[in-house]
Structure formats: structure tokens, C-alpha cells
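Enquirer: First the structure, which I've put down as C-alpha cells, then a few questions once you've had a look.
Protein chains: 2
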Amino acid sequence: MDKLAHRKATTTLRILDSAGQPIAGKEVSIRLTNHKFLFGCGAFDAIDVANRNVPEDRLAFQEEKMRLFLDVFNAATLPFYWARFEPEQGKPQTDELMAAANWLRERNVAVKGHPLVWHTLTAPWLLDLSNEEILQAQLARIERDVTAFRGVVDTWDVINEVVIMPIFDKYDNGITRLCKELGRVRMVKEMFAKARECNPEATLILNDFNTSINYEILIDGCLNAGVSIDVIGIQSHQHQGYWGREKLEEVLERFSQFGLPIHFTENTLTSGHLMPPEIVDLNDYQIDDWPTTPEYEERQAREIEEFYTILFEHPLVESIVNWKFSDDGAWLGAPAGFVRKDNSPKPSYEVVKRLIKEEWSTNITCATNDDGTVTFEGFMGDYELSFDDCTVAFKLDKDTPTQQNLITG
Amino acid sequence: MDKLAHRKATTTLRILDSAGQPIAGKEVSIRLTNHKFLFGCGAFDAIDVANRNVPEDRLAFQEEKMRLFLDVFNAATLPFYWARFEPEQGKPQTDELMAAANWLRERNVAVKGHPLVWHTLTAPWLLDLSNEEILQAQLARIERDVTAFRGVVDTWDVINEVVIMPIFDKYDNGITRLCKELGRVRMVKEMFAKARECNPEATLILNDFNTSINYEILIDGCLNAGVSIDVIGIQSHQHQGYWGREKLEEVLERFSQFGLPIHFTENTLTSGHLMPPEIVDLNDYQIDDWPTTPEYEERQAREIEEFYTILFEHPLVESIVNWKFSDDGAWLGAPAGFVRKDNSPKPSYEVVKRLIKEEWSTNITCATNDDGTVTFEGFMGDYELSFDDCTVAFKLDKDTPTQQNLITG
């Protein structure tokens with residue numbers, strides 16, 4: 001039984017010349033150029049590269065990092081933390097983020113904005129406002145940014161970590177204040193409605209690190225309240241140790257109940273020592289040095305391979321985003337990336353490259369039949385068919401026609 | 001500051017004779033005859049007494065038990081467990097329960113039916129049905145019983161223990177099967193809608209033993225999905241030990257966020273040893289003897305006094321129902337009642353009698369003014385004013401007119 005059957009489709013191509021005549025008996029190469037599945041990373045470094053607003057040697061370093069990233073991945077998350085996007089009310093960093101988003105899109109990378117609403121890193125000036133003003137400011141932010149980025153960023157983590165949002169108590173913030181008043185479900189409802197209104201075709205994601213029944217009941221409540229959640233986002237920061245197959249399968253089973261697509265939006269599996277288990281808020285773990293080591297790099301490579309495989313084998317999962325591509329600048333200083341601080345690739349980089357570009361890819365050579373057709377089964381996504389000087393692009397998806405004509409010449 | 005101000009109201013009565021003339025300077029007695037607040041117990045014994053379908057000495061015993069109950073309480077919960085109400089499809093125990101409900105109402109006791117929907121003690125014959133058939137059968141049950149009892153039982157625990165309902169795994173049952181498919185919120189929505197349709201004026205309660213964030217998020221989701229929950233029901237089976245003031249206040253605070261009335265629907269504080277803390281499902285605790293002791297009866301009396309006081313002082317709480325009135329036949333054999341197995345009252349019986357009938361009651365004597373009026377503040381509820389041979393009834397509530405005329409003679 002093919003565990004990846006749900007990732008594939010079969011189609012028949014009929015190769016025609018410019019006069020519409022079938023090209024028979026021709027050896028053609030058929031190659032997946034971009035997965036339908038979204039394999040991504042946090043790609044905040046694209047901001048430096050797109051805007052070229054850092055010193056020259058840093059820029060070269062960042063460009064090399066992005067080159068290594070582009071060699072494997074087809075999806076990226078860009079930062080829209082309100083505190084950093086609009087630290088001064090009325091002066092959003094739209095241009096910078098637009099440049100980064102466009103830079104990625106030109107390179108066939110799907111871009112997601114993260115997040116529109118969160119109690120952490122939210123606009124500090126909300127604290128001066130009444131709750132009603134906070135609500136209006138947050139909705140206005142969504143309206144402005146979802147509208148401005150429409151066509152460039154069409155996937156959004158609309159609201160992040162709602163389970164804890166109204167009871168978050170590390171520091172006062174405008175979003176927790178508002179969520180206490182509105183309640184969780186109404187908060188989600190208002191924010192999703194506004195995002196949906198501004199970009200009806202967008203993919204809107206509800207995201208959380210909480211994978212308990214709390215999150216299940218929240219999703220259930222939101223769906224029954226008419227919230228148009230497109231995707232369930234699940235964080236998997238595993239600084240304290242790999243969840244393991246059993247827990248991962250259990251989480252997948254529980255969140256499959258809704259029949260909605262699932263994205264693993266923020267994965268971390270480090271190549272360093274494990275964070276102690278008694279730490280509850282990962283942000284509390286502050287150490288000077290958290291090195292990557294050869295032994296733990298091997299562990300990371302094994303865990304990444306198993307983790308990615310289990311997820312790719314699950315029919316509802318449509319994306320895996322590793323939170324960090326590189327150890328350089330990683331949250332908490334953790335060795336959380338696929339490449340080291342000096343851009344050298346770890347074994348885990350080679351693993352994901354092999355899985356995404358080889359094992360889970362389609363690259364075949366075959367000959368067209370007398371009637372110019374060739375039938376094949378391949379991983380879903382964007383393709384190129386080529387022979388001689390000729391290259392033509394086509395798509396393979398679940399709803400691809402059983403037969404498609406490709407006009408060449 | 002009067003911590004019970006929210007339980008009281010002030011009104012002016014103008015006492016008139018049959019000719020409409022004020023009765024001045026008359027000494028009158030004003031007495032609360034029935035609390036607005038619902039102080040209740042599970043009163044399943046009323047079934048025996050109303051139907052007189054048990055042996056004579058058992059009947060006498062039950063009648064004495066109910067006499068002791070009626071001397072203190074003004075609310076009762078009657079059992080509508082589907083497995084017992086309709087063990088054979090099409091033959092519900094309507095007459096028996098109707099007799100019990102009427103017997104209680106004739107004695108000014110407000111009656112609640114418990115529960116319409118639950119995964120435990122549900123109709124066993126559901127297991128032969130498809131999920132769609134289970135849904136229809138459950139809705140038909142609600143329609144039949146809520147309609148039949150309208151005017152007699154107008155308060156219902158519509159659905160019980162929804163947090164665990166879809167993942168309950170002790171034994172297969174039709175309600176868990178259905179809830180797995182519909183999801184929690186939709187399950188609640190369907191059941192409440194049917195109950196509401198059949199008795200628009202009913203008080204409909206959502207009930208649970210789960211007081212965690214799970215239950216908060218569930219309520220939030222249901223309210224946002226448009227479910228017309230009138231009251232939040234909270235079970236407090238404290239076989240393993242009194243929650244204590246801190247936990248009780250914390251639970252009250254969290255469930256106050258909705259602004260809905262709260263009923264403590266199933267309280268247990270025993271006068272015996274504590275159930276071990278490692279027991280998760282209370283039903284797993286099976287012992288031969290769980291005696292009431294003088295030492296623990298004193299403990300029970302203190303805990304009951306504090307528990308009832310904290311709840312009566314909280315403005316959103318509108319009812320406390322002690323699950324068992326008597327140790328006789330108590331769930332798990334626990335000494336959970338106010339009276340012992342031989343109907344003798346424990347210290348806790350004297351405590352609740354004192355609180356409900358004396359400390360939290362109004363019984364005054366005063367003289368009418370020259371204009372026949374008398375103004376007083378009292379606990380809300382039904383009253384009798386009497387003087388000489390004359391008795392007249394009136395109500396005192398938050399929305400009572402500032403002045404009411406009472407025609408006597």
C-alpha cells in the first residue's frame with residue numbers, strides 16, 4: 001500500500017506540436033518543479049535580502065542563507081508582529097515587508113503573514129486605549145494590511161494562541177485585555193470576519209501551541225459560531241524533546257476530527273541539548289550558549305526525517321514550516337535550524353533536501369505513445385515537461401483533468 | 001456592608017380593608033414563606049411517596065424522609081435518566097414521574113428534570129441504531145418529555161457532561177457515538193434548540209463536573225453559536241475532600257465571566273472518610289461500608305455552612321442542590337446526606353435549616369403607619385402578611401413595585 005497515495009495524482013498528457021499534431025514516440029522528461037505541499041521555514045532573513053538594507057558582508061551572508069533555503073523549500077513565513085510592524089501608530093513597515101514578500105514570490109515561494117493578532121509583540125500603544133478603541137485599532141490593522149498585501153500575501157495566521165490569550169499574565173497587553181472582555185470565540189470571530197472581508201480568497205489560519213482538548217473545544221466552538229477557519233495551525237516547538245511518533249499520531253488524530261487541513265506552522269527540533277522539562281514558558285529559558293553538536297545533529301536528522309514522514313503521510317496535513325531555517329539569530333539561541341550559524345548545512349538539511357527534492361519528488365523520462373500521449377503518476381504540484389529545446393509547464397492536482405493537451409513548439 | 005444585599009429587596013405595602021380603606025396602626029406579621037433562591041436536593045424518593053408503590057413500612061420511612069426534606073428545602077431534582085425512564089422503547093415512565101412532580105409542586109417545591117441527554121444511563125437500545133437514528137430518537141425523547149411535563153417541570157438539565165461526552169470510553173453508548181460525530185458544540189446546540197422549541201419559557205441548563213478551562217471554552221463556543229443557555233450548571237461532588245474557599249471562589253470567578261446565572265446542581269460533602277485522591281472516576285470507588293461518624297459529621301456541618309455561605313453571597317448563584325438528602329441509598333454508599341440512613345438528622349441538617357429558615361429568612365412584626373403602609377427589607381421570595389384572622393400573600397423580588405396594595409378582609 002502506498003502511504004503517499006494521497007500526495008499523488010495520475011494524468012495523461014497529450015503532447016501536440018504548434019500545428020496541433022500529436023508528437024509520437026518522443027522521449028520526454030517530466031519533472032516536478034514545485035510541490036503542492038508547502039514545505040517552509042520562517043524566512044525573516046528575506047527582509048534583509050529584498051531590501052538590501054544591511055552592511056555588505058551581512059547581506060552576502062544572508063543571500064547565501066536564502067540560496068540554501070530556496071534550494072529546498074517552497075513556502076515562507078514573514079513576520080507581521082504588530083509591535084515591530086507598527087511600533088509607532090500610523091507608520092507601518094509595509095514597504096519592507098512588501099519587498100520581502102515580492103522577492104519570495106518571484107522565486108516561486110508561497111508567503112504567509114504571521115500573525116495579525118497576538119497578545120505577545122502586539123502594538124505597545126494599545127495600552128493607552130480603551131477596550132473598544134483597541135478592538136477598532138486591531139480591526140483597522142487587519143483591514144489595512146490584508147488589503148495592502150492582497151495578491152502578494154494571501155495566507156495569514158489570523159490570530160495566535162487564543163487558548164491562553166484571555167488569561168495570559170506575564171505582562172499587561174491590549175490584546176489580552178480585549179480578549180478577556182470579548183471572550184475567546186468572539187475574539188476569533190471578529191478577527192476572522194474582518195480578514196475574510198478584506199481578502200475573500202485568502203487562506204486564513206487559526207494557530208496555537210496548545211494541542212489539548214482546550215484547543216479542540218475552541219475550534220469546535222468557532223466553527224459552530226460560523227467562523228470561516230480554512231486551516232488549523234499547530235505549533236510544535238520541541239525544544240524539550242521530540243514528541244515521538246505516538247504523541248504526534250495522537251495529536252493528528254484529535255485534530256483530524258474537523259476534516260480541515262492542518263498546517264504544522266512552527267516546528268522546532270534542535271541539534272543541541274534538550275531544554276529542561278520543568279520550564280513551562282519556553283521564553284523563560286535563557287542561557288548563554290546552546291551549541292549544536294555532531295551527536296545531536298545526528299539525532300536532529302533522525303527526528304526530522306521521522307517527523308516529516310509521519311506528517312507527509314497524513315492526508316489532512318498540507319504544510320510543515322520549520323520555524324528557523326538557520327541557527328543564526330534563532331529564538332532562545334537554540335540550534336534550531338537546518339544550517340549552522342556559519343551557513344554550513346547540518347545533516348538535517350541533507351535529510352529535508354533528499355525527502356523534498358528526491359524521495360518525494362517526480363523526475364522521470366518516458367516516451368510518448370503513437371497518439372502523442374504519456375500517462376504517469378506523480379507528486380502533486382507544478383511540472384515541466386521537456387524534450388529537445390522545448391519546455392512546457394503544467395499542473396498535477398487531485399482535480400487535474402484525466403487528460404490534458406500540452407501544446408509545444 | 002451587607003454581603004447579602006443582592007438577595008434582598010425593599011418594598012412598601014399598603015394594607016387596605018375590603019372597602020379599600022387603609023388599615024392604620026395595626027401590628028402585622030410579615031413572613032417569608034418560600035425563598036426565591038432555590039435550595040434543593042435530589043428528591044428521587046418523592047417517586048415512592050407520590051405513587052405509593054412500595055411496601056407500607058418503606059412508604060412510611062420515605063414519607064418521614066420527605067417531611068424532613070420539605071421542612072427545609074424548596075427545590076427538587078427528579079430523575080429522567082433515559083435508561084430508567086424508557087428502558088423499553090415506547091414505554092416511558094411518564095405517569096410515575098408526573099405524579100412525583102405534581103406531589104412536589106403541590107408542596108411549593110420547584111422541580112427540575114435531570115437529565116435529557118447524557119452518555120451514562122442512556123437508553124441501551126440506542127446501540128442498535130445508526131447515528132442519524134440516535135439523533136432522531138434523542139430529539140424525539142426531548143420533544144415528548146419536555147412537552148408532556150410543560151407546566152409541571154419547567155427546568156431541565158438539558159445535557160450533562162459534554163466535555164467528556166465524545167471521548168468517554170468506559171463503555172460504548174449511543175450518545176458518545178453521536179457526540180463524536182456531531183462534535184460537542186453542535187450536540188449542545190441541537191439538544192437545546194429542541195428543548196427550547198417545546199417549552200420556550202423553560203429554564204434550560206448546561207451541566208458538567210468539569211470546571212476547567214475546557215468547560216469555559218465550551219460554554220463560550222455554545223453561546224457564540226447561538227445556544228440559549230439560561231443557566232450554567234456546576235457539579236461539586238467533593239467525596240475526595242472539600243474544595244475549600246480558595247478553589248470555590250476561583251471557580252466562581254471564572255464562570256462569572258459569562259454573566260449567566262450559576263446553579264450548583266449536584267453538591268456532595270460527606271460526613272465520612274475522604275475518598276482517596278488517586279481515584280479519577282468516582283464510580284470506581286466501590287467499598288462495603290462508608291460510615292458516617294460524629295467527628296466527620298461535625299466536619300460536614302462546618303463545610304456545608306461555609307460552602308452554602310460563599311455561594312449565597314455570590315450574586316450570580318441562584319441555586320444549590322445537594323445531590324443526596326439522605327444517606328439511605330446514596331450513590332457509592334457515601335454518607336452524603338443531611339440525614340442518616342435511619343432518617344435521624346445530622347448536624348448539617350440543623351445547619352441548613354438554620355441558614356435557610358432563620359438566618360437567611362425574614363420574619364418580622366411591625367405596625368402599619370397612619371396611611372396603612374409598612375416598609376421593610378427582606379429576602380426575596382413569597383411572603384405572607386397576617387394580622388388578626390387575616391392572611392394575605394405577596395411577592396418580594398428585585399422588580400417588585402416600590403409600593404403594593406394588599407387588600408385584606
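Protein sequence lines, in the order shown, are assigned to chains A and B.
Mapping the first sequence onto the UniProt record's numbering, position 351 (from 1) lands on 351, and the numbers just tick up by one.
Mapping the second sequence onto the UniProt record's numbering, position 95 (from 1) lands on 95, and the numbers just tick up by one.
Glycine included, each C-beta is placed from N, C-alpha and C at the ideal position.
#1: Straight-line CA distance for N283 of chain B to L332 of chain B?
#2: Following the continuous beta strand (DSSP E) through A9 of chain B, name the residue where it begins and the one where it ends.
#3: Taking the alpha carbon of V163 of chain A as the point to measure from, which residue in B:I229, B:L129, B:E216 has its own alpha carbon closest?
#4: Are the CB atoms of N108 of chain A and N160 of chain A within a distance shorter than 9 Å?
#5: Distance cutoff 9 Å, beta carbons only. Does G221 of chain A sit that close to anything in chain B?
#6: Comparing the CB of L59 of chain A with every heavy atom of the ligand FMN, is any distance shorter than 8 Å?
#7: Taking a cut of 7 Å between CB atoms, which residues from the region 158 to 188 of chain A lie near chain B?
#8: Mapping DSSP to helix, strand and coil, what is residue 411 of chain A?
#9: Let me know the secondary structure DSSP gives A367 of chain A once reduced to three states.
#10: Beta-carbon of G226 of chain B versus every beta-carbon of chain A: anything under 9 Å?
#11: Count the CB pairs spanning the region 104 to 121 of chain A and the region 78 to 87 of chain A that are closer than 8 Å, and state whether there are at least three.
#12: Determine, using beta carbons only, whether F307 of chain B and L32 of chain B come nearer to each other than 9 Å.
#13: Run through DSSP, which three-state label would Y242 of chain B get?
#14: Just tell me which of A:D17, A:L13, A:T11 has its CA closest to the CA of D389 of chain A.
#15: Suppose the cutoff is 6 Å on Cβ atoms and the five residues either side in sequence are ignored; what does the same chain contact list for V158 of chain A look like?
#16: So F69 of chain A and A43 of chain A are supposed to be a Cβ contact under 8 Å. How far apart are they, rounded?
#17: I'd like the span of the alpha helix (DSSP H) that includes residue 438 of chain A, first residue to last.
#18: In terms of residue numbering, what span does the alpha helix (DSSP H) encompassing A50 of chain A cover?
#19: Near Q257 of chain A, what residues of its chain come up, given a Cβ to Cβ distance below 8 Å and the 5 sequence neighbours on each side ignored?
#20: Return the chain-ordered list of same chain residues with a C-beta closer than 8 Å to the C-beta of A9 of chain B, the five sequence neighbours on each side being excluded.
#21: Taking R58 of chain A as part of the alpha helix (DSSP H), name the residues at either end of that continuous run.
#22: Which residues does DSSP pair with K395 of chain B in a beta bridge?
#23: Taking Q304 of chain A and L260 of chain A to be in contact with their CB atoms under 8 Å, please state how far apart those CB atoms are, rounded to whole angstroms.
#24: If you draw a straight line from the alpha carbon of T176 of chain A to that of G244 of chain B, how long is it in whole angstroms?
#25: E63 of chain B and V54 of chain B look like a contact to me (Cβ under 8 Å); what is the Cβ gap, rounded to whole Å?
#26: Compare the C-beta of N214 of chain A with all C-beta atoms of chain B and state if any pair is closer than 9 Å.
#27: So the beta strand (DSSP E) I175 of chain B belongs to, where does it begin and stop?
#28: If you follow the alpha helix (DSSP H) that R31 of chain B is part of, which residue opens it and which one closes it?
#29: Does any residue of chain A bring its CB to less than 9 Å from the CB of Q257 of chain B?
#30: State the start and end residues of the unbroken alpha helix (DSSP H) segment that holds E161 of chain B.
#31: Where W323 of chain A and V352 of chain A are concerned, what is the direct C-alpha to C-alpha distance, given to the nearest angstrom?
#32: Report the three-state DSSP secondary structure of S326 of chain A (helix, strand or coil).
#33: Give the DSSP-derived three-state secondary structure of residue 416 of chain B in the structure shown.
#34: Once DSSP output is grouped into helix, strand and coil, what is the label at S236 of chain B?
#35: To the nearest angstrom, report how far apart D382 of chain B and D2 of chain B are at their CA atoms.
#36: Taking the straight line between their C-alpha atoms, what separation do you get for R14 of chain B and H35 of chain B?
Expert: The structure says:
#1: Their Cα atoms are separated by approximately 7 Å.
#2: Run containing A9 of chain B: 8 to 16, per the beta strand (DSSP E) assignment.
#3: It is B:E216.
#4: Result no, Cβ atoms of N160 of chain A and N108 of chain A do not sit closer than 9 Å.
#5: Yes, because at least one Cβ of chain B sits closer than 9 Å to the Cβ of G221 of chain A.
#6: The ligand FMN is absent from the structure shown, which contains no ligand whatsoever.
#7: Answer in chain order: G183, R184, V185, R186.
#8: Past the edges of chain A, shown from 1 to 409, lies residue 411 of chain A, and the structure says nothing about it.
#9: In the structure shown, A367 of chain A sits in a strand (DSSP, three-state: E or B).
#10: The Cβ of G226 of chain B sits closer than 9 Å to at least one Cβ of chain A.
#11: Pairwise C-beta distances place the region 104 to 121 of chain A in contact with the region 78 to 87 of chain A, as three or more of them are shorter than 8 Å.
#12: Cβ distance not < 9 Å, so F307 of chain B and L32 of chain B don't count as in contact.
#13: Of the three classes helix, strand and coil, the one that applies to Y242 of chain B here is coil, per DSSP.
#14: Taking the Cα of D389 of chain A as reference, the smallest distance to any Cα among A:D17, A:L13, A:T11 is reached at A:D17.
#15: Same-chain partners within the cutoff: L116, M191, F192, A195, L204.
#16: That pair is a contact at about 6 Å.
#17: Given that chain A is displayed from residue 1 to residue 409, the structure contains no residue 438 of chain A and the question cannot be resolved.
#18: Element bounds for A50 of chain A: 45 to 51.
#19: E216.
#20: A distance below 8 Å between beta-carbons, with the five flanking residues on each side excluded, links A9 of chain B to the following residues of its chain, in chain order: E377, G378, M380, L396, D397, K398, T400.
#21: It spans 56 to 70 - the alpha helix (DSSP H) in which R58 of chain A sits, taken as one unbroken run.
#22: Paired residues: B:D382.
#23: Note on residue identity: the sequence assigns Ile, not Gln, to residue 304 of chain A. About 25 Å separates the two Cβ atoms, so there is no contact after all.
#24: One Cα belongs to T176 of chain A, the other to G244 of chain B, and the distance between them is close to 29 Å.
#25: E63 of chain B to V54 of chain B, Cβ: 10 Å. No contact.
#26: With 9 Å as the cut-off, N214 of chain A counts as an interface residue toward chain B.
#27: Not the beta strand (DSSP E): I175 of chain B falls in the alpha helix (DSSP H), residues 174 to 182.
#28: No alpha helix (DSSP H) holds R31 of chain B; the beta strand (DSSP E) holding it covers 27 to 35.
#29: Yes, because at least one Cβ of chain A sits closer than 9 Å to the Cβ of Q257 of chain B.
#30: Per DSSP, E161 of chain B belongs to no alpha helix (DSSP H) and is neither H nor E.
#31: CA-CA distance, W323 of chain A to V352 of chain A, rounds to 14 Å.
#32: The answer is strand: DSSP assigns S326 of chain A an E or B state.
#33: The structure shown does not extend to residue 416 of chain B, since chain B is modelled only from 1 to 409, so the question has no answer here.
#34: Three-state DSSP puts S236 of chain B in a strand.
#35: Distance from the CA atom of D382 of chain B to the CA atom of D2 of chain B, rounded to whole angstroms, is 21 Å.
#36: So the two alpha carbons sit approximately 22 Å from each other.
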